[in-house]
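This report refers to the structure that appears directly beneath it.
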Amino acid sequence: MKLSTLSTAVAIGLSSIAQGASVVHEKRDQVPPEWTKLGRAVPDTAIELRIGLKQSNLEHAEDLANQISHPKSEKYGKFLSAQQVVDLFAAPQEVISETMQWLRQGGINGNRIKPTAGRNWLKFNTTVAVAEKLLDTTYYTYRNEEESVEVVACESYSVPEDIQPNIDLIMPTIQFETRGLAASSRGLSRRDTFSPKFRVLDSVPHPSSLANCSETTTPACLRAIYGLPDSDEAVEGNSYGIVEFAPQSFNQDDLNVFYAKYASNVPNNTGPIIDGIDGGYFSNDSSVDTRGESNLDLCYAIGLVHPQPVTLFQVGDNDPVQPATNNNFLDAIDGAYCTYEGGDDHDWDAIYPHDGELSGEYLGQPDCGKYDATKVISISYGSNENDRPISYRTRECNEYMKLALMGVTVLFSSGDTGVSGISGRCLLPNGAWTPPGADYGRFNPMWPGTCPWITSVGGSALPENGSVTDKQVAAYNFGSGGGFSNIFALPSYQTNAVAEYYSSHDPGYNSSIYNNTQQVRGFPDLAVSSQSFITGLAGDFMAFSGTSAASPLFGAMITLINGERIKSGKGSVGFLNPVLYSHPEVFDDITEGANHGCGTDGFPAVEGWDPITGLGTPNFAKLRDLLLSLP
Ligand SMILES: *[C@@H]1O[C@H](CO)[C@@H](O)[C@H](O)[C@H]1NC(C)=O
Ligand SMILES: *[C@@H]1O[C@H](CO)[C@@H](O)[C@H](O)[C@H]1NC(C)=O
Ligand SMILES: *[C@@H]1O[C@H](CO)[C@@H](O)[C@H](O)[C@H]1NC(C)=O
Ligand SMILES: *[C@@H]1O[C@H](CO)[C@@H](O)[C@H](O)[C@H]1NC(C)=O
Ligand SMILES: *[C@@H]1O[C@H](CO)[C@@H](O)[C@H](O)[C@H]1NC(C)=O
Ligand SMILES: *[C@@H]1O[C@H](CO)[C@@H](O)[C@H](O)[C@H]1NC(C)=O
Ligand SMILES: *[C@@H]1O[C@H](CO)[C@@H](O)[C@H](O)[C@H]1NC(C)=O
């Protein structure tokens with residue numbers, strides 16, 4: 001940020017072209033091969049020009065988020081409001097005025113320039129001719145034959161030297177929408193998803209029996225394993241959110257059948273509070289693929305925390321081509337995110353309104369800031385870290401940091417395919433997937449476990465034929481997702497845990513297998529029960545295994561603890577990792593099992609933190625005492 005230049009500039013009144021030489025700001029080396037240049041863009045073509053302003057507070061915000069979440073810091077628990085977060089990231093007023101000054105000199109009427117709600121973008125309607133002069137560039141029209149689309153774009157553009165430090169990017173300029181094409185040719189899907197494994201049962205367990213908890217898991221088993229309390233009254237201000245992406249949809253009758261047998265504390269017809277986002281579509285398909293995940297998440301969220309309220313964020317419409325993503329959800333709980341760093345990605349995120357070709361498509365404007373975040377959010381969907389560009393991953397991860405600043409606990413399942421990615425696919429040296437069924441390649445870490453600002457929940461289990469008092473092992477019905485990021489640096493809270501891991505248990509793989517520099521984020525952070533959760537489905541019961549079961553369970557634990565904290569006049573716990581890594585003693589370490597994949601044994605569970613069960617499984621009583629003792 002050039003504050004000094006700025007005050008000088010303001011002092012001399014900036015009445016003439018005072019911003020120095022024009023310098024190239026962004027440039028493309030070549031036009032992507034899918035695009036053919038048709039010719040100069042017609043000068044009076046209307047375009048909406050968007051100037052993205054630099055957000056220099058990012059490092060500062062990271063530091064602040066760490067302090068707010070660290071139990072030894074004076075700032076612990078002093079969360080920011082949504083408006084304070086917007087202000088923290090917004091460009092300073094000086095930067096806005098300096099940039100406006102430049103635009104006015106370029107002939108743009110100041111009244112037409114609109115800063116976005118987050119004050120990180122200046123937008124205005126203009127023409128190609130005006131933009132060409134302003135950005136010292138030439139716009140062309142390009143055509144993509146395969147997609148039958150044309151865009152107006154340029155191959156490089158310039159801004160005045162003095163203005164450059166204020167500017168992140170300007171759109172539309174050199175952005176060609178190529179990433180979706182590259183990805184679809186690699187067989188990637190836009191959808192962020194993985195599905196829990198399910199099993200049809202010969203006989204269902206008795207609701208209060210603890211005899212068979214290693215075989216099938218019920219709420220009674222979980223209460224016994226973890227010593228979870230019954231919760232007797234709803235605490236005002238407490239909240240727990242479960243996120244589901246259409247076409248996954250819960251069914252109330254299935255929940256009722258589940259309560260009647262396994263959660264008699266929950267009255268018939270108890271549903272979640274429904275916050276529908278971007279259509280909030282409910283399919284009524286009763287197949288396990290459209291109902292299983294949602295029913296599983298809600299049976300255990302509601303079953304374990306009732307009468308604490310559970311909110312369902314039901315995201316997306318009935319458009320299978322442009323399914324909703326995490327970004328579409330994040331827009332709905334943070335209006336400023338809708339435009340943050342260019343807004344949603346046309347290649348990857350659903351862009352609303354949809355065209356209405358199918359019934360159930362959403363024809364409205366995208367939901368921006370429509371709902372408040374709940375104190376705890378659990379999401380049992382994921383993808384491979386490498387499925388999206390680094391810029392996309394960074395933008396999303398920064399948003400989880402903002403939620404950390406606001407005191408929201410964000411939990412994600414760590415994945416169900418061990419060290420390999422979705423469908424067991426691993427990575428070739430060029431980043432593409434290995435062929436289906438291939439058992440080699442680089443580890444393919446799951447998203448968003450590798451983002452340092454969420455808590456990644458892995459899967460554990462009672463040992464085969466074990467009892468509820470036995471020490472748990474890593475999940476063995478599936479591989480608990482874990483490993484190390486290829487993008488995100490080692491967060492400070494994890495430094496000691498990862499150093500200890502390597503000093504005693506280096507798994508010995510070289511850098512062609514995964515990023516073994518010891519300088520990157522490892523996941524998961526912890527593990528909880530995850531196998532054969534009995535769930536209501538289509539009038540009957542099925543057993544689901546996966547970290548999809550684990551994340552809602554851990555979220556229920558934190559929601560119960562938040563309730564107690566709020567009752568005693570404290571706030572919710574917020575981003576947990578700095579607290580958890582400072583107190584490994586509140587976990588029962590897991591030292592058995594491994595997350596095989598990519599032709600290897602993956603990472604074995606070992607003493608201390610490991611990239612399969614994290615810090616271990618929480619000892620609920622100790623975790624509760626710890627979190628209640630914090631201010
Ligand atoms: C530009 O024009 C379009 C179409 O009329 C309108 O939807 C949009 O809001 C305008 N943008 C600005 C920044 O005024
Ligand atoms: C334990 O569960 C298995 C699988 O559901 C079942 O076959 C077996 O009969 C159960 N055993 C007991 C003692 O309930
Ligand atoms: C629960 O409510 C539904 C619909 O209102 C009803 O059909 C069902 O019989 C009820 N179940 C129980 C166990 O009362
Ligand atoms: C599914 O059922 C619900 C409740 O009966 C209804 O409101 C909704 O419109 C149905 N969805 C579809 C796609 O038919
Ligand atoms: C668990 O019990 C079953 C049935 O008794 C037996 O076949 C199996 O070998 C046992 N597994 C272990 C690890 O003890
Ligand atoms: C591993 O991660 C580090 C730290 O982010 C990075 O500097 C390095 O380039 C990565 N190595 C490989 C081989 O990707
Ligand atoms: C890394 O290990 C693999 C087998 O695990 C081996 O094939 C490869 O040559 C090793 N690469 C380097 C650079 O040592």
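Position one of the sequence shown corresponds to residue 1 (the working numbering), numbered consecutively onward.
From the three backbone atoms N, C-alpha and C, an ideal C-beta is built for every residue, glycine too.
Contact check, residue i vs residue j, beta carbons under 8 Å
i    : j    : result
F412 : I454 : yes
N295 : G536 : yes
K37  : Y139 : no
L637 : P578 : The structure shown does not extend to residue 637, since the chain spans only 1 to 631, so no value can be given for it.
F484 : G546 : no
P604 : G522 : no
E145 : S532 : no
H25  : V159 : yes
K375 : S239 : yes
E161 : V42  : no
Q252 : G280 : no
P524 : I242 : no
G356 : D334 : no
I396 : N486 : What sits at residue 396 in the sequence shown is Glu, not Ile. Result no, Cβ atoms of E396 and N486 do not sit closer than 8 Å.
C213 : L526 : no
S423 : S456 : no
S460 : V528 : yes
S81  : F575 : no
Cβ-heavy atom distance, residue i to ligand 3, below 7 Å
i    : result
A489 : no
N269 : yes
Between the CA atoms of residue j and residue i - distance to the nearest angstrom
i    : j    : result
G597 : W121 : 44 Å
P445 : I390 : 14 Å
S568 : L626 : 14 Å
R186 : N384 : Because R186 carries a pLDDT of 32, less than 50, the predicted location of this residue cannot be relied on, and no value is offered for it.
T311 : A224 : 26 Å
A220 : P491 : 37 Å
F329 : G449 : 17 Å
K632 : E607 : The chain is shown only over 1 to 631; residue 632 falls outside these bounds and no answer can be derived.
S73  : E399 : 22 Å
A90  : Y493 : 27 Å
G563 : K570 : 10 Å
For residue i, the three-state DSSP class (helix, strand or coil)
i    : result
Q314 : strand
V200 : strand
G424 : helix
R521 : strand
Y76  : coil
H583 : coil
A153 : strand
M446 : strand
K594 : At residue 594 the sequence reads Ala, which differs from the Lys that was named. The answer is strand: DSSP assigns A594 an E or B state.
N510 : coil
L330 : helix
A461 : strand
T218 : coil
A527 : strand
G276 : strand
E244 : strand
K570 : coil
Ligand 4 heavy atom lying under 7 Å from the CB of residue i
i    : result
S283 : yes
G441 : no
G360 : yes
Cβ-heavy atom distance, residue i to ligand 6, below 7 Å
i    : result
S391 : no
H430 : It should be pointed out that residue 430 corresponds to Asn in this sequence rather than to His. Checking every heavy atom of ligand 6 against the Cβ of N430, none is found closer than 7 Å.
heavy atom of ligand 5 below 7 Å from residue i C-beta
i    : result
N256 : no
N577 : no
N66  : no
N477 : no
Residue i CB to nearest heavy atom of ligand 1 below 7 Å
i    : result
N111 : no
N125 : yes
Check: residue i C-beta below 7 Å from any heavy atom of ligand 7
i    : result
N515 : no
N510 : yes
- Validate contact between the segment 346-355 and the segment 90-110 using beta carbons, cut 8 Å, 3 pairs: no
- Message: Below 8 Å, how does it come out for the segment 339-350 and the segment 261-270: are there three or more Cβ pairs, yes or no?
- Response: no
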